[in-house]
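Residue numbers (the numbering used here), protein chains in the order written: chain A, 7 to 121; chain B, 194 to 307.
We treat Cβ as the ideally placed atom computed from N, Cα and C, and that holds for glycine.
Computed from a prediction, not measured in an experiment: that's the story for all the values here.
A short worksheet on the structure shown next.
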Amino acid sequence: DQQVKQNSPSLSVQEGRISILNCDYTNSMFDYFLWYKKYPAEGPTFLISISSIKDKNEDGRFTVFLNKSAKHLSLHIVPSQPGDSAVYFCAASSHGSGNTGKLIFGQGTTLQVKP
Amino acid sequence: EAGVAQSPRYKIIEKRQSVAFWCNPISGHATLYWYQQILGQGPKLLIQFQNNGVVDDSQLPKDRFSAERLKGVDSTLKIQPAKLEDSAVYLCASSPGPNTGEVFFGEGSRLTVL
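Here's what the structure looks like:
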């Protein structure tokens, strides 16, 4: 049972344009969502997160939007830069009583930003 | 501040052999995780420690995989005997606590089973 899904395996955008990466989840108990970026031969690095009590969080060129009713979140990168080319993972966790806070990851989306 | 350290970075073994991976988390982090990432998939949690106790090992194949964190600091993940499908990157991660949000990952140990 894939609780976190990233249905687009890859995305290609032109430098300077907006990149939109999407993520869907099925477990309504998730209350914290994160995006990680991964370069080849490196571990995932934290990018941005959002709590379920918010619907938007912004950090520089990166903005994450959360739509709880649709169980959907998205990562917007504006403007996109060639250095943003990487695999992006969406992850979710539950922080309530009795939960371990473990991260459940999606399959990843490979973003290519063309110069 | 030093990050999560893992070794070895790469390991090639034949099926039915054994292998061990080591992880040293960020200093002071009580929670340590081992994830398995198979090519083309997202990381999957194998085991989660809180200090030296196991919090979640529901997806650890216990017939061949074992992990320990005896002193509540560094940890070892062992596979014995290895199967072809164990070929993956094994990621160690740590966080200050189980419900503190961000988890910090090491660079991973890539295992190839021939």
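Query	Result
Contact set between B:Val296 and chain A, taken where Cβ atoms lie within less than 7 Å	Leu109
Environment of B:Lys276 [buried if 16+ CB atoms lie within 10 Å]	exposed
For B:Gly294 and A:Tyr38, believed in contact at Cβ under 8 Å, the rounded distance	6 Å
Whole-angstrom distance between B:Leu304 and A:Asp65, CA atom to CA atom	35 Å
Closer than 8 Å to chain A by CB, B:Gly299	yes
Completely contained beta strand (DSSP E) runs for the stretch 220–276 of chain B, where each covers 3 or more residues	224–230, 237–243, 246–249, 258–261 and 268–272
Close Cβ partners of B:Ala213 (< 6 Å) along its chain, the five nearest in sequence each way excluded	Thr269 and Lys271
DSSP state of A:Asp30 mapped onto helix, strand, coil	strand
Touching by the beta-carbon criterion (3+ pairs, under 8 Å), the stretch 21–41 of chain A and the stretch 237–249 of chain B	no
8 Å Cβ cut-off: residues of chain A touching B:Pro236	Pro50, Phe95, Leu109 and Phe111
Residue environment, B:Trp287, which counts as buried when at least 16 other CB atoms sit within 10 Å	At residue 287 of chain B the sequence reads Ser, which differs from the Trp that was named. It is buried - the Cβ of B:Ser287 has at least 16 other Cβ atoms within 10 Å.
Residue range of the beta strand (DSSP E) that includes A:Val70	Phe68 to Asn73
Distance, B:Pro254 Cα to A:Gly107 Cα	21 Å
Burial state of A:Pro88, where buried means 16 or more other Cβ atoms lie within 10 Å	exposed
Interfacial residues, the stretch 224–248 of chain B to chain A, with Cβ spacing under 9 Å	Thr224, Tyr226, Tyr228, Gln230, Gly233, Gln234, Gly235, Pro236, Lys237, Leu238, Gln241, Gln243 and Val248
Member of B:Pro274, B:Ser200, B:Ile219 and B:Leu225 whose CA lies at the smallest distance from the CA of B:Leu263	B:Leu225
Closer than 8 Å to chain A by CB, B:Leu284	yes
Beta carbon of A:Leu79 nearer than 8 Å to that of A:Val70	yes
Segments assigned beta strand (DSSP E), at least 3 residues, entirely inside the stretch 33–69 of chain A	38–44, 51–57 and 62–65
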